[in-house]
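Student: Below is a structure I'd like to ask you about.
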Amino acid sequence: MSEVPRIQLLSPRLANQIAAGEVVERPASVIKELLENSLDSGARRIDVDIEQGGVKLLRVRDDGCGIPPDDLPLALARHATSKIRDLEDLERVMSLGFRGEALASISSVSRLTMTSRTADASEAWQVETEGREMEARVQPAAHPVGTSVEVRDLFFNTPARRKFLRTEKTEFDHLQEVIKRLALARFDVAFHLRHNGKVVLALHQAEDDAARARRVASVCGPAFLEQALPIEIERNGLRLWGWVGLPTFSRSQADLQYFYVNGRMVRDKLVAHAVRQAYRDVLFNGRHPTFVLFLDVDPAVVDVNVHPTKHEVRFRDSRMVHDFLYGTLHRALGDVRPEDQLAAPASVTPMTQVSGLAAGEFAGQNEMSLAASVLERPQGDTSSWRGAGAGYQAPRPASAGYTAEAQGAYREFFTPLPESGPAALPASQDDVPPLGYALAQLKGVYILAENAQGMVLVDMHAAHERITYERLKTAMASEGLRGQPLLVPESIALSQREADCAEEHGQWFQMLGFELQRLGPETLAIRQIPSLLKQAEATRLVRDVLADLLEYGTSDRIQAHLNELLATMACHGAVRANRRLTVPEMNALLRDMEHTERSGQCNHGRPTWTQLGMDELDKLFLRGR
0 MSEVPRIQLL
10 SPRLANQIAA
20 GEVVERPASV
30 IKELLENSLD
40 SGARRIDVDI
50 EQGGVKLLRV
60 RDDGCGIPPD
70 DLPLALARHA
80 TSKIRDLEDL
90 ERVMSLGFRG
100 EALASISSVS
110 RLTMTSRTAD
120 ASEAWQVETE
130 GREMEARVQP
140 AAHPVGTSVE
150 VRDLFFNTPA
160 RRKFLRTEKT
170 EFDHLQEVIK
180 RLALARFDVA
190 FHLRHNGKVV
200 LALHQAEDDA
210 ARARRVASVC
220 GPAFLEQALP
230 IEIERNGLRL
240 WGWVGLPTFS
250 RSQADLQYFY
260 VNGRMVRDKL
270 VAHAVRQAYR
280 DVLFNGRHPT
290 FVLFLDVDPA
300 VVDVNVHPTK
310 HEVRFRDSRM
320 VHDFLYGTLH
330 RALGDVRPED
340 QLAAPASVTP
350 MTQVSGLAAG
360 EFAGQNEMSL
370 AASVLERPQG
380 DTSSWRGAGA
390 GYQAPRPASA
400 GYTAEAQGAY
410 REFFTPLPES
420 GPAALPASQD
430 DVPPLGYALA
440 QLKGVYILAE
450 NAQGMVLVDM
460 HAAHERITYE
470 RLKTAMASEG
480 LRGQPLLVPE
490 SIALSQREAD
500 CAEEHGQWFQ
510 MLGFELQRLG
520 PETLAIRQIP
530 SLLKQAEATR
540 LVRDVLADLL
550 EYGTSDRIQA
560 HLNELLATMA
570 CHGAVRANRR
580 LTVPEMNALL
590 RDMEHTERSG
600 QCNHGRPTWT
610 QLGMDELDKL
620 FLRGR
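In terms of numbering that gives the first Met the number 0, the sequence shown opens at residue 0 and continues consecutively.
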């Protein structure tokens, strides 16, 4: 049995190094500190009892290592803790709590009783305090190994603060949210919550993947887990794992976002920016992504002593962390294919995809040329995308010099089936592609298809828009960006810090088609801009990019502008509503969707297809009732 760490007063010098200011704002802030102490003590089961939203009673009982009787009065003193000893410990904090202020703050505004027993003690001891006087009374008591903290009559001696508390339900909701956050951070600990004698949460220890998934479902709701993507990746000493919600499962508020650094829940602007970037291409305007993510890093490279609430952290190499988060999530979302999104159990096993003419396949995610003639054509002129009355076609290189065609380009490469009717489904379900085979076109807008799970509905314009957009991006990546020299260079007045930043990232600007020249300590000249962004306001764009570079170490504004332009081009180039497609053309579109990144959403974040399984259809028609 390892020795129980002893509580001791911190030196004034070390106490002054801590970002202090522990404030007991409401019952939720009390429960957070008590639960963090329980988790730090090595508890495997924590029981929480609440009365009247936590105002009347908050009781937390754990089975941790306990506190020796001599240390009990000291536990209620300011800057007294067992978690850190010196400045070196403060620089690599692994515990959730470390300030030694929480119990002192709580006991000053409540009637606090703490009972604790260590494994080698024959009996438990209890300490009581009431209000600011801090007259700690220590006496023997009966208690199993572990600690119980009982907080009664919160703010009994500060009526002004009690007045600002909300209704019982509101306070309890805040408190419950805190417990849920910590329950997601520690799958190995059981959490039990009772409110006014009624069991609200009963979360058992989750030792395997299935149990962890069940806990996530019980905290975030089963719908999240059904539409979430499990990820796990490790690189450069950083490990990211957890669940990322598909873009189709977005929220109107950022209320289902849990991010943990070394088990500590954080709300960091760097993390938020990286996630926002990763979802930018697939999320509907004004919607928020959902995720439960865990980042494991060396504690020495992250500073948790930044903010009194401990909700913020600072990374030593913030740029590397940002790029790692963005890159990982961007790839994970890009790799989602229709077979991954199918909710039916069949989608769990890999599906054998049919290829060739039997599946109506035209080609994979081909590149499109980005010749200037295409790019500089006015938006109203769509002759290069489609002939008058043409059906679904894959965009071809502009250099091929193709003219308007009466029929869709797919027919040119596709040998028609013996019959033009719907393709029959194979006998084995394993041979059916994820999006199945087309049956018909609805109102010239939707494609109706049949797959192994049931019925698939596809918005043909939205789907073709995404396919075209991804091909344009592929082309841009391969052909690079051409710069357009300015006849008269534009001068910008900046701060010296911004000008230094622009000079430092000069090569990066050059790659994106910009040429910047330093004219003075606080002046820059823009000599060249990307030819695609002729209509953009160059000075404003450069200012915004520099602001991002200074704050996050990276910027995606130029790329965002370019993508916006490509998205517009794709929208104009996509097959329009009320265009009649043949069954082979519809099948070709379905096959392209299966091979295209992010094909589940169009460029604006709207879904491109939906699945209605046999169970859902049977439910609609009350079959089997």
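Don't be surprised by glycine CBs; every beta carbon is placed ideally from N, CA and C.
1. Using alpha carbons as the reference points, say which of Val260, Leu237, Phe223, Asn261 lies closest to Leu245.
2. Determine the closest residue to Ala74 out of Val148, Arg496, Glu497, with distance taken between C-alpha atoms.
3. Considering only DSSP beta bridges, list what Val455 is partnered with.
4. Whose CA, out of Arg84, Trp507, Leu531, lies closest to the CA of Val544?
5. Output the distance between the C-alpha atoms of Val625 and Leu239, rounded to the nearest integer angstrom.
6. Tell me, please, which residues DSSP counts as bridged to Gly519.
7. Given Ala524, which residues of its chain have a CB within under 6 Å of its CB, disregarding the five upstream and five downstream residues?
8. Evaluate Phe97 with the Cβ neighbour count: other Cβ atoms within 10 Å of its Cβ, from every protein chain shown; 16 or more gives buried, anything less gives exposed.
9. Determine the DSSP secondary structure at Ile66, reduced to helix, strand or coil.
10. Touch check for the segment 39-47 and the segment 159-172: three-plus C-beta pairs under 8 Å?
11. Short check: CB of Val265 to CB of His310, under 8 Å?
12. Using a Cβ-Cβ cutoff of less than 7 Å, which residues in the same chain neighbour Pro415 once the five nearest sequence positions on both sides are dropped?
13. Express the C-alpha separation of Glu129 and Asp39 in angstroms, rounding to a whole number.
14. Which of the three DSSP states, helix, strand or coil, is assigned to Glu563?
15. Which first and last residues belong to the beta strand (DSSP E) in which Ala27 is found?
16. State the DSSP-derived secondary structure class of Ala209, mapped to helix, strand or coil.
17. Who are the Cβ neighbours of Pro143 in its own chain at under 6 Å, not counting the five residues just before and after it?
18. Quick one: what's got a C-beta closer than 7 Å to Gly552's C-beta in the same chain, skipping five residues either side?
19. In three-state terms, what does DSSP make of Glu170?
20. Give me the Cβ distance between Ser249 and Pro288, rounded to the nearest whole Å; I'm assuming they're in contact under 8 Å.
21. Taking Cβ to Cβ, would you say Leu174 is nearer than 8 Å to Val218?
22. What's the gap between the Cα of Tyr409 and the Cα of Ala498?
23. How far does the beta strand (DSSP E) with Gln495 in it reach, from first residue to last?
24. Within the chosen definition, does the segment 1-8 reach the segment 150-162 through at least 3 CB pairs nearer than 8 Å?
25. Whole angstroms is fine: what's the gap from Arg541's alpha carbon to Leu485's?
26. What are the boundary residues of the alpha helix (DSSP H) that Leu324 is part of?
27. Should Val455 and Leu471 be called a contact, given that it needs their Cβ atoms to be closer than 8 Å?
28. Determine whether the beta carbon atoms of Pro337 and Ser598 lie at a separation below 8 Å.
29. Rounded to the nearest angstrom, what separates Ala118 and Leu181 at their Cα positions?
30. So what's His191 in DSSP terms, helix, strand or just coil?
31. Is it buried or exposed for Pro115, if we count other Cβ within 10 angstroms and need 16 for buried?
32. Following the continuous alpha helix (DSSP H) through Ile105, name the residue where it begins and the one where it ends.
33. From the DSSP output, read off the bridge partner residues of Ala492.
34. Apart from the five residues just before and just after Met585, which ones in its own chain have a Cβ nearer than 7 Å to its Cβ?
35. Classify Lys618 as buried or exposed, calling it buried when 16 or more other Cβ atoms lie within 10 Å of its own Cβ.
36. Within a Cβ cutoff of 7 Å, which residues of the same chain sit near Lys82, ignoring the five residues on either side of it in sequence?
Tutor: To lay it out plainly:
1. Phe223
2. Val148
3. Ala448, Gln610
4. Trp507
5. Any question about residue 625 goes unanswered here, given that the chain covers just 0 to 624.
6. Thr522
7. Pro488, Ser490, Gln516, Leu518
8. buried
9. coil
10. no
11. yes
12. Since pLDDT at Pro415 reaches only 41, below the 50 mark, its modelled position is unreliable, and the value read off the structure follows with that caveat. Within the same chain, Pro415 has close Cβ partners Pro583.
13. 25 Å
14. helix
15. No beta strand (DSSP E) holds Ala27; the alpha helix (DSSP H) holding it covers 26-39.
16. helix
17. none
18. Ser317, Arg318, His321
19. helix
20. 6 Å
21. no
22. Residue placement at Tyr409 is poorly supported in this model, since its pLDDT is 36, which falls under 50; the coordinates are not used for a value here.
23. Taken as a continuous stretch (DSSP letters only), Gln495 belongs to no beta strand (DSSP E), being part of the alpha helix (DSSP H) at 495-503.
24. no
25. Residue identity check: residue 541 is Val in the sequence provided, not Arg. Cα-Cα distance, rounded: 15 Å.
26. 317-333
27. no
28. yes
29. 25 Å
30. strand
31. Per the sequence presented here, residue 115 reads as Ser, with Pro not at that position. Buried: at least 16 other Cβ atoms inside 10 Å.
32. 101-106
33. Thr522
34. Ala437, Gln440, Ile446
35. exposed
36. Asp39, Ser94, Gly96, Phe97
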